[in-house]
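Novice: What follows is a single structure, and I will ask about it in a moment.
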Amino acid sequence: MATGGVYRNGSSKAPNLRTSSSFKSKLPASNVRRSIPGGATDSVSGRVRVAVRLRPRNAEEMAADADSADCVELQPELKRLKLRKNNWDSDTYEFDEVLTEYSSQKRVYEVVAKPVVESVLDGYNGTVMAYGQTGTGKTYTLGRLGDEDTSARGIMVRSMEDILSNISSETDSVSVSYLQLYMETILDLLNPAYDNIPIVEDQRNGDVSLPGASVVEIRDQQKFTDLLRLGENHRIAANTKLNTESSRSHAILMVHVKRSVLGREDDFSTENENRSHSVGNFKPPILRKGKLVVVDLAGSERVHKSGSEGHMLEEAKSINLSLSALGKCINALAENSSHVPVRDSKLTRLLKDSFGGTSRTSLVVTVGPSPRHRAETASTILFGQRAMKVENMLKIKEEFDYKSLSKRLEIELDKLIADNERQQKVYENEVERIRLEAQKRITEAERNCAEVLEEEKVKCQMDYMESIKKLEEKWSVNQQKCAANGEVPLDSVNNEVIEMKTLLQNEICLRKAAEEENNKLKLQLLKFLKAELADGNIDAMNLVEILEQESHQKKKLEEDVRALRSQLSQLSTEANQSRRYLERGGNGNTVAVLDCLSPLNHLHSRDSSNGERASIVNLHEQEANQEKIVEAGGLTSLLMLLRSYEDETISRIAAGAIANLAMNEANQELIMAQGGICLLAMTASDAEDPQTLRMVAGALANLCGNDKLQMRLRSEGGIKALLGMVRCRHPDVLSQVARGIANFAKCDSRASSQGSKLGRSLLIEDGALPWIVQNANNEASLIRRHVELAVCHLAQHEVNARDMISGGALWELVRISRDCSREDIKALARRTLTSSSTFVAEMRRLRIEV
Ligand code: ADP
Ligand code: MG
Numbered sequence: 031m032a033t034g035g036v037y038r039n040g041s042s043k044a045p046n047l048r049t050s051s052s053f054k055s056k057l058p059a060s061n062v063r064r065s066i067p068g069g070a071t072d073s074v075s076g077r078v079r080v081a082v083r084l085r086p087r088n089a090e091e092m093a094a095d096a097d098s099a100d101c102v103e104l105q106p107e108l109k110r111l112k113l114r115k116n117n118w119d120s121d122t123y124e125f126d127e128v129l130t131e132y133s134s135q136k137r138v139y140e141v142v143a144k145p146v147v148e149s150v151l152d153g154y155n156g157t158v159m160a161y162g163q164t165g166t167g168k169t170y171t172l173g174r175l176g177d178e179d180t181s182a183r184g185i186m187v188r189s190m191e192d193i194l195s196n197i198s199s200e201t202d203s204v205s206v207s208y209l210q211l212y213m214e215t216i217l218d219l220l221n222p223a224y225d226n227i228p229i230v231e232d233q234r235n236g237d238v239s240l241p242g243a244s245v246v247e248i249r250d251q252q253k254f255t256d257l258l259r260l261g262e263n264h265r266i267a268a269n270t271k272l273n274t275e276s277s278r279s280h281a282i283l284m285v286h287v288k289r290s291v292l293g294r295e296d297d298f299s300t301e302n303e304n305r306s307h308s309v310g311n312f313k314p315p316i317l318r319k320g321k322l323v324v325v326d327l328a329g330s331e332r333v334h335k336s337g338s339e340g341h342m343l344e345e346a347k348s349i350n351l352s353l354s355a356l357g358k359c360i361n362a363l364a365e366n367s368s369h370v371p372v373r374d375s376k377l378t379r380l381l382k383d384s385f386g387g388t389s390r391t392s393l394v395v396t397v398g399p400s401p402r403h404r405a406e407t408a409s410t411i412l413f414g415q416r417a418m419k420v421e422n423m424l425k426i427k428e429e430f431d432y433k434s435l436s437k438r439l440e441i442e443l444d445k446l447i448a449d450n451e452r453q454q455k456v457y458e459n460e461v462e463r464i465r466l467e468a469q470k471r472i473t474e475a476e477r478n479c480a481e482v483l484e485e486e487k488v489k490c491q492m493d494y495m496e497s498i499k500k501l502e503e504k505w506s507v508n509q510q511k512c513a514a515n516g517e518v519p520l521d522s523v524n525n526e527v528i529e530m531k532t533l534l535q536n537e538i539c540l541r542k543a544a545e546e547e548n549n550k551l552k553l554q555l556l557k558f559l560k561a562e563l564a565d566g567n568i569d570a571m572n573l574v575e576i577l578e579q580e581s582h583q584k585k586k587l588e589e590d591v592r593a594l595r596s597q598l599s600q601l602s603t604e605a606n607q608s609r610r611y612l613e614r615g616g617n618g619n620t621v622a623v624l625d626c627l628s629p630l631n632h633l634h635s636r637d638s639s640n641g642e643r644a645s646i647v648n649l650h651e652q653e654a655n656q657e658k659i660v661e662a663g664g665l666t667s668l669l670m671l672l673r674s675y676e677d678e679t680i681s682r683i684a685a686g687a688i689a690n691l692a693m694n695e696a697n698q699e700l701i702m703a704q705g706g707i708c709l710l711a712m713t714a715s716d717a718e719d720p721q722t723l724r725m726v727a728g729a730l731a732n733l734c735g736n737d738k739l740q741m742r743l744r745s746e747g748g749i750k751a752l753l754g755m756v757r758c759r760h761p762d763v764l765s766q767v768a769r770g771i772a773n774f775a776k777c778d779s780r781a782s783s784q785g786s787k788l789g790r791s792l793l794i795e796d797g798a799l800p801w802i803v804q805n806a807n808n809e810a811s812l813i814r815r816h817v818e819l820a821v822c823h824l825a826q827h828e829v830n831a832r833d834m835i836s837g838g839a840l841w842e843l844v845r846i847s848r849d850c851s852r853e854d855i856k857a858l859a860r861r862t863l864t865s866s867s868t869f870v871a872e873m874r875r876l877r878i879e880v
């Protein structure tokens, strides 16, 4: 035991109490090590702080011990307590705080509990415990509610006030459990129905919890004081039931403080402003979970004393089991023993973290002044002194608040999903727009390309047609040259070859027949000789003669065959020469041209006319005048003039007048009947003046338009006369000729359609086709139009098709179907081309498309 003047806490292990920091001091921020889940855990040492509080003398003590001095003497400024042994000797003890009988409850709170409460708010566990003999003021210190006198509020009430004023109601929470431990049984003071609550230890971190106890959330101070009051009432009721008193039981208040720490290094508030950062940068908020345990221990007086209060000894032992176990643990810890019997009692299990654990712990030991309880006081002081040696390693209780982070991330994710969906839609719209745009461009390009290709194709076809035409012309020139050089035209050579071949074939047949006959006769002769020899009656001479005749006949036939063969070979050579000659004259495509031209044969035609009536001379404009002129024998006179006069002017005027009269159908027949065609034909061949020729051509052209006069007009040389006039290249003449041909072709075509005429067109018969083909694309539009019409009319009838193909009119028809400025003629040409099987076949052969 301590001796006078010696500090009992002078062990080398004890902290230097003189120099130790104030009991109130908080841990410096730099010293506070974080214990981040998953990271390194650090801690800071924190010795159990002990204050001693002296209760003032109560009335009884005042009366009983009026003459004797207190057994303790306090030196608060020195933080010392002197425990008198007798009148002249005392032991001195030093504490972290020495609280005199005059110390206010406020001061006691600030010195003993406030630092612990602040640590709890920072995320540490904290313990405030009162130890002392019954009646020394433990409950007064911890549990006073201060209903009547607020200055009397104890540590529990003040702690909660401090906590509530320091937390945020939005992010933080406070909840409490209030328990009583009596005879190793834990009772829930907030719900006494839970009267045997187990202690559960977390195997991973050693934390203890009471999962069966009520945990009530505290939002305001009133609620808390109500709960304390309720708990106190339940405590009294329970003690009555157990026939004991509250000093025998331990009261334990547990306050759980959860604080969400925002705005640390990576402040979340900036996240919304900086959306570009990835979700991966999210750091969860820190959740600090501090727990304040306030323990109002049972009275520390010895067991035998309580035994006198009617308990059996065993019961009494059990009552104080927890307290003695606590003493043992503190002794072990103070002595740094290797074994601390924490598991010996429920109290020591519950307070495992408070002594030797991670909690910031303050102990207040309460003593009374009475010398009668000196021994108990000494024991209490000793307990306090030992507790001062217990070192805890403070450790912050914080963890990432994944729940809150998850909630936050979920919100963020939903926002991102919505954003993404919006962007996706925008993107899709953009893609669709680009696709449509591209489609449009492609279509446009395709159309342009198709147009260019079509133009190119038409151009190529025209070139092709042009070159074929040139080749044909060359071929015809070559043929003419052949004829002029006395060479046999290829066609006739071919025909002769064919004929010779046929002859040769016949001769070969004849020879074969003769040979067979010869053989037959030889056989017969042999048979006969055999028979005659057998009979001995042979006219050998006769037989020899017959044989000789036969062999002579044979030789003659063989010679014939040879001659024919030589003739054939000569003809073949000639034919080859002609062919080669033609090939040399052509440009390499001659064979194709020959192939194309070889089947030149008979054709036929149809016709149409636009019925155009061009006035030729304005002499007789009126029908009436014309009639009068004719009645008066004017027509006859005009024809006479044509016949008798050789003066060109008279001929011109007469022809002009006839042309005018020839516009009338009745006059046309009269002209015809009076031999007008022959006269006009004569004039046509004699006249030189283009205007005369124009008039004659005009008259003939008018006559050409009369269906009834077709045959006669032609037989009397009208067509030939018309064609003869093209020698004069005057466009006026050509225009009339063209009109006449178009008129004639129209009537011709009509007659064919009606079936009144068979065979090919008379125009073709009279050799008009070459001129028609030449002028179908005449530069003068009037001529061109007439000729185009004539071509179309001729093409109406299949019988003309072959001639038209061989004459090159097909090309013109194709051109008309493409180029003609008059849509009706163009359509007519197209229709004609596609309806004629001969044209269709030829176009397919020439690879021409309409
Ligand atoms: P314990 O809980 O230790 O048994 P209590 O707190 O019940 O003791 O106190 C016993 C009595 O002493 C009570 O009447 C209480 O009011 C009184 N008392 C205790 N401490 C003080 C004090 N510091 N000042 C005034 N009265 C006190
Ligand atoms: Mg009490």
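Residues 31 to 880, numbered by this note's numbering, are exactly what the sequence shown covers, in order.
Quick reminder that beta carbons are idealized off the backbone N, C-alpha and C, glycines included.
1) Going along the chain, which residues of its own chain have a beta-carbon closer than 8 Å to the beta-carbon of K738, five neighbours each way excluded?
2) Hey, C30 and A859 are a contact pair by Cβ (cut 8 Å); roughly how many whole angstroms apart?
3) Contact between the segment 724-735 and the segment 760-772: three or more CB pairs below 8 Å?
4) Is M423 closer than 9 Å to L283 when the C-beta atoms are compared?
5) On a Cα-Cα basis, can you pick out the residue from R249, R259, A268 and S207 that is closest to P241?
6) Distance check for T270 and V323, CA to CA, integer angstroms please.
7) Based on the DSSP secondary-structure assignment, which residues constitute the bridge partners of D218?
8) Kindly give me the distance between the Cβ atoms of E191 and Q135, rounded to whole angstroms, as I take these residues to be in contact under 8 Å.
9) Pull up the CB-CB distance for V147 and I197, whole angstroms please, since I reckon it's below 8 Å.
10) Look up F53 in the DSSP assignment and say whether it is helix, strand or coil.
11) Just to confirm the assignment: which complete beta strand (DSSP E) runs, minimum length 3, are found wholly within the segment 715-744?
12) Mind checking whether A831 and F869 have CB atoms under 9 Å apart?
13) Any heavy atom of ligand 1 closer than 8 Å to the beta-carbon of E214?
14) Beta-carbon distances below 6 Å to any heavy atom of ligand 1 define the shell here; list its residues in chain order, please.
15) Quick check: what's the CA-CA separation for L446 versus Y432?
16) Do L587 and K531 have their C-beta atoms closer together than 9 Å?
17) Pull up the distance between the alpha-carbon of S782 and that of H827, whole angstroms please.
18) Can you give me the C-alpha to C-alpha distance between I680 and L671, rounded to a whole angstrom?
19) In the DSSP assignment, find the beta strand (DSSP E) that holds N422 and state where it starts and stops.
20) Please go through the same chain and pick out, in chain order, the residues whose beta-carbon is closer than 8 Å to the beta-carbon of L533, but skip the five residues on each side of it.
21) Look at the Cβ atom of R682, then the Cβ atom of M712, and state whether they are nearer than 9 Å.
22) Compute the beta-carbon to beta-carbon distance between L710 and A751, rounded to the nearest angstrom, for a pair I have assumed lies under 8 Å.
23) Report all residues from its chain with a CB closer than 7 Å to the CB of T473; omit the five preceding and five following residues, and keep chain order.
24) Could you have a look at D677 and say whether DSSP puts it in helix, strand or coil?
25) Let me check you understand the geometry: is the CB of D326 closer than 8 Å to at least one non-hydrogen atom of ligand 2?
26) Where E589 and L556 are concerned, what is the direct C-alpha to C-alpha distance, given to the nearest angstrom?
27) Within its chain, find whatever has a CB closer than 6 Å to the CB of S786; leave out the 5 residues flanking it on each side and keep chain order.
28) What residues match up with D121 in a beta bridge as DSSP calls it?
29) Between which two residues does the alpha helix (DSSP H) holding H816 run?
30) Sorted by chain position, which residues of the same chain lie with C-beta nearer than 6 Å to S9's C-beta, five sequence neighbours on each side aside?
31) Which residues in the same chain have their Cβ closer than 6 Å to the Cβ of A810, if we skip the five residues on either side of it in sequence?
32) Considering only the alpha carbon of each residue, which of E331, R471, E485 and V291 lies closest to T201?
33) Please determine, among A825, Q784, L577 and K487, the residue with the shortest C-alpha to C-alpha distance to V880.
34) Name the DSSP beta bridge partners of E428, please?
35) In angstroms, rounded to a whole number, what distance separates the CA positions of I749 and I707?
36) Looking at C-beta atoms only, is the number of pairs between the segment 391-400 and the segment 95-110 that lie closer than 8 Å three or more?
Specialist: By the coordinates alone:
1) Indexing the sequence shown from 1 puts residue 738 at position 708. Taken in chain order, the residues that qualify are E699.
2) Missing from the structure shown is residue 30; the chain here goes from 31 to 880 and no further.
3) With the cut-off at 8 Å, the segment 724-735 and the segment 760-772 touch.
4) Counted from its first residue, the sequence shown places residue 283 at position 253. Counted from its first residue, the sequence shown places residue 423 at position 393. Not a contact, by the Cβ cut-off of 9 Å.
5) For the purposes of this step, residue 241 is taken as the residue at position 211 of the sequence shown. Minimum Cα distance to P241 is reached at S207.
6) If you number the sequence shown from 1, residue 323 lands on position 293. If you number the sequence shown from 1, residue 270 lands on position 240. Roughly 26 Å between the two C-alpha positions.
7) Sequence index remark: in the sequence shown, residue 218 carries index 188 (1-based). The bridge partners DSSP lists for D218 are L209.
8) Residue 191 sits at position 161 when you count from the first residue of the sequence shown. Residue 135 sits at position 105 when you count from the first residue of the sequence shown. No, E191 and Q135 are not in contact; Cβ-Cβ is about 12 Å, not under 8 Å.
9) Within the sequence shown, numbered from 1, the residue matching residue 147 stands at position 117. Within the sequence shown, numbered from 1, the residue matching residue 197 stands at position 167. Wrong, their Cβ atoms sit about 11 Å apart, outside the cutoff.
10) Sequence index remark: in the sequence shown, residue 53 carries index 23 (1-based). With a pLDDT of only 44 at F53, under 50, the local geometry of the prediction cannot be trusted, and no value is derived from it.
11) None, since the segment 715-744 contains no complete beta strand (DSSP E) of that length.
12) By 1-based counting over the sequence shown, the position of residue 831 is 801. By 1-based counting over the sequence shown, the position of residue 869 is 839. Taking 9 Å as the Cβ cut-off, A831 and F869 qualify as a contacting pair.
13) Residue numbering aside, residue 214 sits at position 184 when the sequence shown is read from its first letter. False, no ligand heavy atom lies under 8 Å from that Cβ.
14) Counting only heavy atoms of ligand 1, the residues whose C-beta sits closer than 6 Å to one of them are, along the chain, R85, P86, N88, G162, T164, G165, T166, G167, K168, T169, Y170, S277, G329 and T396.
15) What you label residue 446 is simply residue 416 of the sequence shown in a count that begins at 1. What you label residue 432 is simply residue 402 of the sequence shown in a count that begins at 1. Taking the straight line joining both Cα atoms gives about 20 Å.
16) For the purposes of this step, residue 587 is taken as the residue at position 557 of the sequence shown. For the purposes of this step, residue 531 is taken as the residue at position 501 of the sequence shown. No, the pair does not count as a contact, with Cβ atoms beyond the cut-off.
17) Within the sequence shown, the letter at position 752 stands for residue 782. Within the sequence shown, the letter at position 797 stands for residue 827. Taking the straight line from one Cα to the other gives about 8 Å.
18) Residue mapping note: residue 680 aligns to position 650 of the sequence shown, counting from 1. Residue mapping note: residue 671 aligns to position 641 of the sequence shown, counting from 1. If you take the alpha carbons of I680 and L671, they lie about 7 Å apart.
19) Here residue 422 refers to the residue found at position 392 when the sequence shown is read from its first residue. Note, N422: beta strand (DSSP E), E421 to L424.
20) Within the sequence shown, the letter at position 503 stands for residue 533. Result list for L533: L594, in chain order.
21) On the sequence shown, residue 682 is found 652 positions in, with the first residue counted as 1. On the sequence shown, residue 712 is found 682 positions in, with the first residue counted as 1. Not in contact: R682 and M712 (Cβ atoms no closer than 9 Å).
22) Against the sequence shown, residue 710 aligns to sequence position 680. Against the sequence shown, residue 751 aligns to sequence position 721. L710 to A751, Cβ: 6 Å. Contact.
23) As a position in the sequence shown, residue 473 is number 443, starting the count at 1. Excluding positions up to five away in sequence, the list is empty.
24) On the sequence shown, position 647 is the one that residue 677 refers to. In this structure, D677 counts as coil in the three-state DSSP scheme.
25) Position 296 of the sequence shown, counted from the first residue, corresponds to residue 326. Taking the Cβ of D326 as the reference point, at least one heavy atom of ligand 2 falls within a distance shorter than 8 Å.
26) As a working mapping, residue 589 is identified with position 559 in the sequence shown. As a working mapping, residue 556 is identified with position 526 in the sequence shown. A straight-line Cα-Cα distance of about 28 Å links E589 and L556.
27) Position 756 of the sequence shown, counted from the first residue, corresponds to residue 786. No residues qualify anywhere along the chain.
28) Taking the sequence shown and counting its residues from 1, the one referred to as residue 121 is at position 91. L113, per the DSSP bridge assignment.
29) As a position in the sequence shown, residue 816 is number 786, starting the count at 1. Here the alpha helix (DSSP H) through H816 covers S811 to A825.
30) The first residue shown for the chain is 31 and the last is 880, placing residue 9 beyond what the model contains.
31) Against the sequence shown, residue 810 aligns to sequence position 780. Close CB contacts of A810 within its chain, under the 6 Å cut and outside five residues either way in sequence, are with P761 (chain order).
32) Taking the sequence shown and counting its residues from 1, the one referred to as residue 201 is at position 171. Of the listed residues, the one whose Cα sits closest to T201 is V291.
33) By one-based count along the sequence shown, residue 880 stands at place 850. It is K487.
34) Position 398 of the sequence shown, counted from the first residue, corresponds to residue 428. Answer is R318.
35) Position 719 of the sequence shown, counted from the start, is the residue given in the question as residue 749. Position 677 of the sequence shown, counted from the start, is the residue given in the question as residue 707. Rounded to the nearest angstrom, the gap between the Cα atoms of I749 and I707 is 10 Å.
36) When Cβ pairs closer than 8 Å are counted between the two stretches, the segment 391-400 is seen to touch the segment 95-110, the count reaching three or more.
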